[in-house]
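One structure is given below, encoded as C-alpha cells.
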Amino acid sequence: MTTQEPQQIRPLGVAMIGYAFMGKAHSNAWRNVASYFDVPAFEQKVLVGRDRVQVADAAARYGWAESATDWRDVLERDDIDIVDICAPGWMHAEIAIAALEAGKHVLVEKPLANTVAEAEAMTRAAQAARTRGVQSMVGFNYRRVPALALAKELIAEGRLGTVRHVRAAYLQDWLTDAQAPMTWRLRKDTAGSGALGDIASHAIDQVMFLLGEAVTDVSGRLHTFVSSRPGADGPEAVTVDDAAWATLSLTGGAIASVEVSRVATGQKNSLRLEIYGDKGTVLFDLEELNELGFLDATDPVREQGFRRILVNEPEHPYMDAWWPQGHIIGWEHTFTHQIRDFLLALSQGSAPSPSFEEGLAVQRVLAAVEESASAKSSTVQLTVPVSDSPAEGA
C-alpha cells in the first residue's frame, strides 16, 4: 500500500500588459507585496508590450521573468493565472474580455473603459466568468490610501451622522503649458475623455465608495482651454477636455460637487475631499496622504475643532505591515495594498472590490457628465440597477 503524495500547488502566474507609468507602479507593487503582507504565492511571469526592446528592458528592471509582444499568445499559456492590464483605456475591453474568457483573473486600471458600451460588455464578461470562479477587479487605488480607508470606517460607524454634502477636487497642472506636446491622452479616440475620465473617475469613485451610495442625477460642464498642441506632424487638435465640473445627487440625499483640472497651475496631484455631516466632518488631501482631518461636532462647542490624525498607527488600515508609528508611507503603497487585497480575495474565493459593476457605475456617471455638458449643463437622470450599487469592500 502506498501513501499518495500531497498535490503540489504551484504559485499563481502573473502577466502584466503595459509597462509605462501605470506598468511601473503596478510592477513595484507586485515586486514588494509579499515582503510585507501574507499573500498567496505568485510569480511575475511575463511583461507584455508592443516594442520588443523596450519591454524586455522594462521586464528586467521591474522584476519580470520574461517579456512578450503579443498579449493574445500570453493568454493561451497554462502558467498564467492573473492578467494585470495597464494598457491605455481603448485597449481595456478587448484584452479584459479575452482574458476572462480564457479563464484568467483580471485586474484592470481605471477607468474601466472608454465608453459605457465597452464597460457593459466587460461587466457581462466578468459576471459570466465569476460563475466559473474567475474573478476581476478595477484599479481605483485611492481606496487603499490608509487615511481614506479610515475615513470610510468613520463614515460607516456614523461618526459624521447624516452626510449632507461633499466637495471633491482633483487638480493637476501638467498641461498648463500650451506648448506641451500632444499625447494619446489628448485624443478622444484613444483616451475616451480628458480630465473627466483620467482623474474625475477617481474623485467620483471616492464619493460613491466613502458614502456607500449611488449617483441618481448629474449636471456637468467640460472645457478645453488649449485646443491645439504640437504633434509629430505639426499642430494637432485636442479632442478631449482640460477640465470638468459636475454636481451629483446621491441616493442618501447628499449633494456632491466635483471639480477636476489638468491645467490648475501649481497643483501637482491634489485630490481633496471634504465630507460634511450633521455630526462631523472629514478632510483629506492626497498631497498629504498620511493625514486625515476630523471634526466631531458632538463634542462640546468650547472644545470643537479639527484634529489632525496622522494615519500611521498599527490600528489604522494596512499600517501594521509597514513602519513604526510616525514613519510615513507614500503614493506607491496604495498599489501594494491593492495587489494585497486582490490576492487575498482570490485565495478566499471571494469577489474583489471594486468590481467591474462598480467600475461601470462610475463610467455611467462620466457619460452623464458628458451628456449634461453637451446639453448646456441640463440635469441627466441615472437609473441605478441594484447590481450596480457600490460594494462595501475595503
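Residue numbering for the sequence shown follows the numbering used here, beginning at 879 and increasing consecutively.
Glycine residues also receive a C-beta, built at the ideal position from the N, C-alpha and C atoms.
Anticipated Cβ contact below 8 angstroms, GLY1155 with VAL1041, distance rounded: As a first step, residue 1155 must be located in the sequence shown, where it is residue number 277. As a first step, residue 1041 must be located in the sequence shown, where it is residue number 163. 5 angstroms between Cβ atoms; contact.
Classification of THR993 by the beta-carbon crowding that lies within 10 angstroms, buried from 16 upward: Numbered from 1 along the sequence shown, position 115 holds the residue referred to as residue 993. Buried, since its Cβ has 16 or more Cβ neighbours within 10 Å.
Supposed contact pair PRO1024 and GLU1195 - C-beta distance, whole angstroms, cut 8 angstroms: In the sequence shown, residue 1195 corresponds to position 317, counting from 1. In the sequence shown, residue 1024 corresponds to position 146, counting from 1. For the record, residue 1195 in the displayed sequence is Pro; it is not Glu. That pair is a contact at about 5 angstroms.
ARG1063 (DSSP reduced to helix, strand or coil): Looking up residue 1063 in the sequence shown gives position 185. Helix at ARG1063.
Cβ-based burial, THR1061 [other Cβ within 10 Å; buried from 16]: Start at 1 with the first residue of the sequence shown, and residue 1061 comes out as number 183. Classification for THR1061: exposed.
For ASP1266, three-class secondary structure by DSSP: What you label residue 1266 is simply residue 388 of the sequence shown in a count that begins at 1. Unreliable positioning characterises ASP1266 in this predicted model, as indicated by a pLDDT of 46, which lies under 50. A coordinate reading is not provided.
Proximity winner among GLU1193, ALA898, ARG928, ILE960, relative to ARG939 (alpha-carbon distances): The count along the sequence shown starts at 1 and reaches residue 939 at position 61. Among GLU1193, ALA898, ARG928, ILE960, the Cα nearest to that of ARG939 is on ALA898.
Inter-residue spacing [alpha-carbon to alpha-carbon] between ARG1037 and ASP1174: Residue numbering aside, residue 1037 sits at position 159 when the sequence shown is read from its first letter. Residue numbering aside, residue 1174 sits at position 296 when the sequence shown is read from its first letter. Distance between the alpha carbons of ARG1037 and ASP1174 is about 7 angstroms.
Per-residue burial, ASP1067 [other beta carbons within 10 Å of its own, 16 or more giving buried]: Taking the first residue of the sequence shown as 1, we reach residue 1067 at position 189. Classification of ASP1067: exposed, given that the 10 Å Cβ count is below 16.
Helix, strand or coil at GLY1271 [DSSP, three-state]: Counting from 1 along the sequence shown, the entry for residue 1271 is found at position 393. Summary for GLY1271: the model assigns pLDDT 44, below 50, so the residue's position carries little reliability, and this model does not support an answer.
Cβ-Cβ distance between PHE1234 and MET1000 below 7 angstroms: Here residue 1234 refers to the residue found at position 356 of the sequence shown. Here residue 1000 refers to the residue found at position 122 of the sequence shown. The answer is yes: Cβ separation under 7 angstroms.
Neighbour-count burial assignment, VAL841, 16 or more Cβ in a 10 Å radius: Absent from the model: residue 841. The displayed extent of the chain is 879 to 1272, so no value can be given.
Proximal residues to THR1125 (C-beta, below 8 angstroms), its chain only, five neighbours per side dropped: What you label residue 1125 is simply residue 247 of the sequence shown in a count that begins at 1. Counting only Cβ-Cβ distances below 8 angstroms, and skipping sequence neighbours, we find VAL1096, SER1097, GLY1098, ILE1133, ALA1134, SER1135, VAL1136.
Span separating the alpha-carbon of PRO1059 from that of ARG1107: The sequence position of residue 1059 within the sequence shown is 181, counting from 1. The sequence position of residue 1107 within the sequence shown is 229, counting from 1. Computed Cα separation, rounded: 6 angstroms.
Rounded straight-line distance, which links the Cα of ALA1081 to that of GLU1152: The count along the sequence shown starts at 1 and reaches residue 1152 at position 274. The count along the sequence shown starts at 1 and reaches residue 1081 at position 203. Their Cα atoms are separated by approximately 11 angstroms.
Residues of its chain near GLY1208, where Cβ-Cβ distance is below 8 angstroms and the 5 sequence neighbours each way are ignored: To locate residue 1208, count along the sequence shown from 1; it is residue 330. So the qualifying residues of the chain are LEU1167.
Burial state of ILE963, where buried means 16 or more other Cβ atoms lie within 10 Å: As a working mapping, residue 963 is identified with position 85 in the sequence shown. Burial call: buried.
Reduced DSSP secondary structure (H/G/I, E/B, other) of ARG1045: Reading the sequence shown from its first residue, position 167 is the one you call residue 1045. The answer is strand: DSSP assigns ARG1045 an E or B state.
Cβ contact check for the region 924 to 931 and the region 946 to 960: 3 or more pairs under 8 angstroms: yes
Complete runs of the beta strand (DSSP E) confined to the region 923 to 970 [at least 3 residues]: Here the runs fully enclosed are 944 to 946, 960 to 963.
Inter-stretch contact (C-beta, 8 angstroms, three-pair minimum) for the region 1100 to 1115 and the region 1012 to 1023: Under the 8 angstroms Cβ criterion, the region 1100 to 1115 does not count as touching the region 1012 to 1023, having fewer than three qualifying pairs.
Uninterrupted alpha helix (DSSP H) stretches inside the region 1197 to 1225 (no shorter than 4 residues): Annotation: the region 1197 to 1225 contains no complete segment of the alpha helix (DSSP H) (minimum length 4 residues).
Delimiting residues of the alpha helix (DSSP H) encompassing VAL1240: What you label residue 1240 is simply residue 362 of the sequence shown in a count that begins at 1. Start and end: 1234 to 1252.
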